[in-house]
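Written out below as structure tokens is the structure these notes cover.
Numbering (our numbering), first residue to last: 521 to 1248.
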């Protein structure tokens, strides 16, 4: 990931709309020097709306028409916050994020799109499926398609909206459903489709284009209802303003879009429809440090329809004007074209091209549209290769630990034994023991709040691994040099994330220390207590016990892949969500089900930490490779050569493992885990009940093998091969 040195400004981009895609690519190609860029996005995969009908029709796959914002943000050297903005305070230059502290900006840009106006039709919010946001609509569409193939339906589909979106989606849905039905032997006469177009179908197009559109709908067997506005949608009827009603099973909303509700409280000028009013420079009319573009913005005195073509054209202007604003130079004026080309899909690899009075339709128009759409999205998917020598990239988190043999050798030279427990044990007498642990590592994620939160969860994990209760904490952190206001903001965000995790765990933050350094890093000293008769130690394993792992493996691989822009947003977001979960309940369940020995799987990987436990207990283990749970894409990443920078040192321990695993799969067993799961030995009679409780509590836990007697040779024997569906 690129890093800007001597940061002096903060740019915050809210939303992953078409204009912001161009901005991020521009800053990746030519970095915005001295500026920290942050992208706040509700969804980490940005859809290209022009390809949505093709996605519904089955022409495109999901990945073909979405931009991975994790990769694009990394290319731009931007922090990425997976969150939903709910307000702006322009006086203090802060963005409010749902469930998180406000985030400071110097310059702000908004490209959050729009959603169908559901409140304009009675019952629509409760009884219809909205096309936007696409991230919510697409899973609902797949569910609807599957339901339509069942014997009991649904069979009657209503599409509400007479604009381009309603027209294209009605054709795509009807033709996809009928094609699937035919393949399954269901007669097409079983289905009916109706498009409720309101006052008129495609009112912005010329009369000839509208007539061709009506013909296309008739050819597809769609009933078109014009000149009658939808008044209400009940659970089984569409009721029109004329009093006429029609029965339906499913209604899909493709009506005019509305602006975000929180715009009204932002203190920024709005147009008569609630959209952000911007000048030709794309700046807010009363705040030159706030930009807006795409469908959420309205150009003062020069408004145009809500169409993606304008957002695409605005992108380069927006990027250049943001640069100029930071440099205090005069900004360029964006002038939208009076006429623009519309290419409307007919749902069967045919399209209609409309520009002013010009109209053509046919397969050639579809090929034209397909080429334009694919060329657009490839600009953000096929990014230039990273110039860095990836072999020299060093990982953060637990991937930045000193290797096991290096640590042992250094301590041996001091005549000190490497303590194998997860936390130091202090016995002051009485029923409880005091336990204390320390963790410190460099940033594995550029956004400080999430880094602080997960790092704190990681540190607390040592206490949970010993069956204890964390009670007190101190923090150490380093932050890169910057103006004091930016250091303050980064420190605040880092500590806010850490404080959220510590407070939720019942830990009092009682002290700490901060310092400047070349990069962001954080560490914690966590103290707690544990009843002496319930302490879990690494030496506590017993022959015949079953090994339970409470979290999938692969964080080191995924973090290394993210550094190289090889991780996908869909896989990575699931990992980050998993790492934020506390392990207090998992620790309690393991103890209640008879665990006698446990650890948390961190820097030395599953193989390294299990070997520590076995050596302390004088035992061995048999692992069932197919049962070991893995995060999504981990195996494919490992097989492609991605690995944590700590892995080579961890693999020195593999001489104590007997297996037929290939090198890449063996590497997964020794992959360094940040905030990894708990590993414990459970009596055989309690395994099923233990897993049931862990799953009910939300843990992706699995049985992975058993503890055996050890006489000679490797301590771990691995049977079979790893599989992405591992775990039970």
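Idealized CB from N, CA, C, for every residue including glycine.
For my contact list, residue i and residue j are in at a C-beta cut-off of 8 Å; report their separation, rounded to the angstrom.
i: residue 562; j: residue 604; result: 5 Å
i: residue 818; j: residue 538; result: Residue 818 to residue 538, Cβ: 16 Å. No contact.
i: residue 1195; j: residue 925; result: Residue 1195 to residue 925, Cβ: 24 Å. No contact.
i: residue 1127; j: residue 1189; result: 4 Å
i: residue 1225; j: residue 1143; result: 4 Å
i: residue 1070; j: residue 1219; result: 5 Å
i: residue 1078; j: residue 1095; result: 5 Å
i: residue 952; j: residue 992; result: Between residue 992 and residue 952 the Cβ distance is about 14 Å, and since that is not below 8 Å, they are no contact.
i: residue 1042; j: residue 995; result: 7 Å
i: residue 1158; j: residue 1184; result: 4 Å
i: residue 1118; j: residue 1198; result: 6 Å
i: residue 1237; j: residue 1178; result: 5 Å
i: residue 557; j: residue 598; result: 4 Å
Look at the Cβ atom of residue i, then the Cβ atom of residue j, and state whether they are nearer than 7 Å.
i: residue 816; j: residue 796; result: yes
i: residue 594; j: residue 1085; result: yes
i: residue 1046; j: residue 983; result: yes
i: residue 773; j: residue 684; result: no
i: residue 743; j: residue 714; result: yes
i: residue 648; j: residue 771; result: yes
i: residue 601; j: residue 560; result: yes
i: residue 1146; j: residue 1240; result: yes
i: residue 1089; j: residue 664; result: no
i: residue 711; j: residue 750; result: no
i: residue 975; j: residue 956; result: no
i: residue 1235; j: residue 1099; result: no
i: residue 1010; j: residue 1022; result: no
i: residue 630; j: residue 812; result: yes
i: residue 858; j: residue 872; result: no
i: residue 844; j: residue 863; result: no
Using a 10 Å radius around the Cβ and a threshold of 16 neighbouring Cβ atoms, would you call residue i buried or exposed?
i: residue 567; result: buried
i: residue 1038; result: exposed
i: residue 1254; result: Nothing can be reported for residue 1254, as the shown portion of the chain is limited to 521 through 1248.
i: residue 911; result: Its pLDDT being 48, under 50, residue 911 is placed unreliably in this model, and the value from its coordinates should be taken loosely. Exposed, since its Cβ has fewer than 16 Cβ neighbours within 10 Å.
i: residue 547; result: buried
i: residue 720; result: exposed
i: residue 1113; result: buried
i: residue 723; result: exposed
i: residue 1174; result: buried
i: residue 1192; result: buried
i: residue 1001; result: exposed
i: residue 923; result: buried
i: residue 1168; result: exposed
i: residue 523; result: For residue 523, the predicted model reports a pLDDT of 46, less than 50, meaning its position is unreliable; a value from the coordinates is still stated below. Label assigned to residue 523: exposed.
i: residue 529; result: buried
i: residue 1231; result: exposed
Which residue marks the beginning of the alpha helix (DSSP H) containing residue i, and which one marks its end?
i: residue 687; result: 684-703
i: residue 1120; result: Where residue 1120 is concerned, there is no enclosing alpha helix (DSSP H), although the beta strand (DSSP E) it sits in stretches over 1118-1120.
i: residue 892; result: 883-901
i: residue 1013; result: 1004-1024
i: residue 558; result: Per DSSP, residue 558 belongs to no alpha helix (DSSP H); it is in the beta strand (DSSP E), 555-561.
i: residue 634; result: Here residue 634 belongs to no alpha helix (DSSP H), and DSSP marks it neither H nor E.
i: residue 875; result: First-last for residue 875: 871-875, but that is the beta strand (DSSP E), not the alpha helix (DSSP H).
i: residue 533; result: Element bounds for residue 533: not the alpha helix (DSSP H) but the beta strand (DSSP E), 529-534.
Residue i bridges to which residues according to DSSP?
i: residue 1066; result: 1202 and 1226
i: residue 950; result: The partner list for residue 950 (beta bridge, DSSP) is empty, contrary to what the question assumes.
i: residue 623; result: 615
i: residue 974; result: In the DSSP output, where bridge partners are listed per residue, residue 974 has none listed.
i: residue 1267; result: Outside the shown range of the chain (521 to 1248) lies residue 1267, about which nothing can therefore be said.
i: residue 1033; result: 996
i: residue 588; result: 565
i: residue 608; result: 615
i: residue 748; result: 718
i: residue 1107; result: According to DSSP, residue 1107 bridges with nothing at all.
i: residue 642; result: 752
Got a sec, what are the start and stop residues for the beta strand (DSSP E) residue i sits in?
i: residue 997; result: 989-1000
i: residue 1047; result: 1041-1051
i: residue 546; result: Looking at the DSSP string, residue 546 is not in any beta strand (DSSP E); the run it does join, the alpha helix (DSSP H), is 538-549.
i: residue 1239; result: 1236-1239
i: residue 799; result: It is not in any beta strand (DSSP E) - residue 799 carries neither H nor E in the DSSP assignment.
i: residue 1083; result: Where residue 1083 is concerned, there is no enclosing beta strand (DSSP E), although the alpha helix (DSSP H) it sits in stretches over 1075-1083.
i: residue 967; result: No beta strand (DSSP E) holds residue 967; DSSP gives it neither H nor E.
i: residue 1097; result: Where residue 1097 is concerned, there is no enclosing beta strand (DSSP E), although the alpha helix (DSSP H) it sits in stretches over 1089-1099.
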